[in-house]
Amino acid sequence: GQLLHELPIPAGDHYTFFVNGRHADRDQVLREGDVLSVFPAVGGG
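Its first residue numbered 177, the sequence shown is counted upward by one per residue in this note's numbering.
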């Protein structure tokens, strides 16, 4: 939600989000004390 609009993350790019070490959706509501981690998608083969 709102937090992602404030971060410099391009809308078309793919990222993985974690909140407190657990996978989260882009629209996860954050609470005080939550730790958000954002990782770019990694490709390989």
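All residues carry an ideal CB built from backbone N, CA and C; glycine is no exception.
- V205 and L183 have their C-alpha atoms some 15 angstroms from each other.
- When the five nearest sequence neighbours on each side are left out, the beta carbons in the same chain lying within less than 6 angstroms of the beta carbon of T192 are those of F215, in order along the chain.
- Closest option to P186, judged by alpha-carbon separation, among G197, R202, V195: R202.
- In the structure shown, L212 falls within a strand segment according to DSSP collapsed to helix, strand and coil.
- H199 and H181 have their C-alpha atoms spaced approximately 19 angstroms apart.
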